Each structure stands twice: as structure tokens, then as C-alpha cells.
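Some notes on the structure that comes next.
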């Protein structure tokens, strides 16, 4: 029989840095929105929605999420803004990083609505380029907790930190293929030529 006294991990040892990779298809798409429904965990406290236009070779941020304006500035170098002034602005929002709801929270990211070119998407090359993606990555950086790991040692419940995790029950992505509105189907015939 083996008996050990487990040590209580520090916050940095919890599973915080997790990436979810989504391949949109074998071609380039214009992504209009991403809807994420979380399950039996809170929404992440700090994370980045990223896109790739080269089939997952490199990723660029699309939007940042933080629980405070301070985190937006310190972690991402971004101020929270109320009004988007350019079609390719990468923003940091605090709207979806609250601890409540503890379960079944949603994050709705519109990559088109609220941008200057939204009403004339076809005539805004900057917005069309900003919404292009072949792959999407959700890069979770910090779990949202009730700070149970900061309780005094005598009061510490060892099961608290086992409840620090992310759980997603559904991801919906809306968009259209890059075809200038003329294609009958959105099938990639040649993965080496994603614009076919």
C-alpha cells in the first residue's frame, strides 16, 4: 500500500492554457459569426479567438476576451472600445468573461455587425479580408473561478481545484465561401487552390 500526502498545486499548475482547433474546410471562408455554448463550467476568464488563412500554419487574433479592462491592456495591449472605427479592428471585450453564469454561458462573436463596412460587405475589401479564415483557434488562457484556491490552508477543499476546467457543448460558425456570390456549391475541388 502506498500513501502520500498530496500537495496543493499553485494556480499556475491548473489547466489554464488550452487551445481548441477548428478546421473550417479545405478552402477559405468568410466567417460572419462564432457562437460558443459552454456546458458545466463558467466561460473562460481570459482568452483569444484566432484565425488562420493558411490552413493552420499561422494564426492571428480576431478578438480578445478578458474579465477586466486592466487585463485587456496588460495581457493583450488593447483598450476596450465602445465603437469599432475600422473594419479590421481587433478588439478586447469584457462582456463574456464574467463568472456568471456558472454553467451554460454563451459567447456570441459577430465579426461583421457593428463594423463600418457591415452594411456594404461586398464593397468593403478590408472587412472581406478580415473575415477570411481556413481555420479557427480558441486559445483559453485562464479559467474563471470563485478563487477557491486562495482559501486559507485549514479551510482549503482539495476538490476545489479539480473543478477548474473548460467545457464546451456546442460551437456554431456562420459564414460563406469566398466565391464572390457566383458559385453554385462551396466544395473545394483542389486543396492546393483554396479559391476554386
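Residue numbers (this note's numbering): 221 to 416. Glycine included, every Cβ here is placed at the ideal spot set by N, Cα and C. If you're wondering where the values come from, they're calculated on a predicted model, not measured in any experiment.
Can you find the residues in the same chain that come closer than 6 Å, C-beta to C-beta, to residue i, ignoring five residues on each side of it along the sequence?
{"i": "residue 334", "result": "304"}
{"i": "residue 389", "result": "257 and 259"}
{"i": "residue 336", "result": "307"}
{"i": "residue 310", "result": "281"}
Leaving out five residues on either side along the sequence, give the residues of the same chain with a beta carbon under 7 Å from the beta carbon of residue i.
{"i": "residue 263", "result": "316, 317, 325, 327 and 364"}
{"i": "residue 267", "result": "285, 358, 359, 360 and 361"}
{"i": "residue 291", "result": "266"}
When DSSP labels each residue in this structure, what does residue i get in the three-state scheme?
{"i": "residue 293", "result": "helix"}
{"i": "residue 264", "result": "coil"}
{"i": "residue 236", "result": "coil"}
{"i": "residue 269", "result": "strand"}
{"i": "residue 357", "result": "strand"}
{"i": "residue 281", "result": "strand"}
{"i": "residue 362", "result": "strand"}
{"i": "residue 249", "result": "strand"}
Assuming residue i and residue j are in contact, meaning their beta carbons sit under 8 Å apart, how far apart are those beta carbons, in whole angstroms?
{"i": "residue 331", "j": "residue 351", "result": "5 Å"}
{"i": "residue 397", "j": "residue 247", "result": "6 Å"}
{"i": "residue 405", "j": "residue 244", "result": "With a Cβ gap of about 16 Å, residue 405 and residue 244 do not count as contacting."}
Take residue i and list the residues in its own chain whose beta-carbon comes closer than 8 Å to its own, dropping the five residues that flank it on each side.
{"i": "residue 242", "result": "355, 356, 357, 358, 391 and 393"}
Say yes only if the C-beta of residue i is nearer than 8 Å to one or more non-hydrogen atoms of the ligand NAP, and no if none qualify.
{"i": "residue 297", "result": "Absent from the structure shown: the ligand NAP. Ligands present: none."}
Use the C-beta contact count for residue i: other C-beta atoms within 10 angstroms, 16 or more gives buried, fewer gives exposed.
{"i": "residue 386", "result": "buried"}
Counting only beta-carbon atoms, is residue i nearer than 9 Å to chain B?
{"i": "residue 394", "result": "Among the chains in the structure shown there is no chain B, since it carries only a single protein chain."}
TODO: Examine the Cβ distances between the stretch 291-303 and the stretch 235-252 and report whether three or more of them are shorter than 8 Å.
DONE: no
- [ ] Report yes or no: do the stretch 257-273 and the stretch 333-347 share at least 3 C-beta pairs separated by less than 8 Å?
- [x] no
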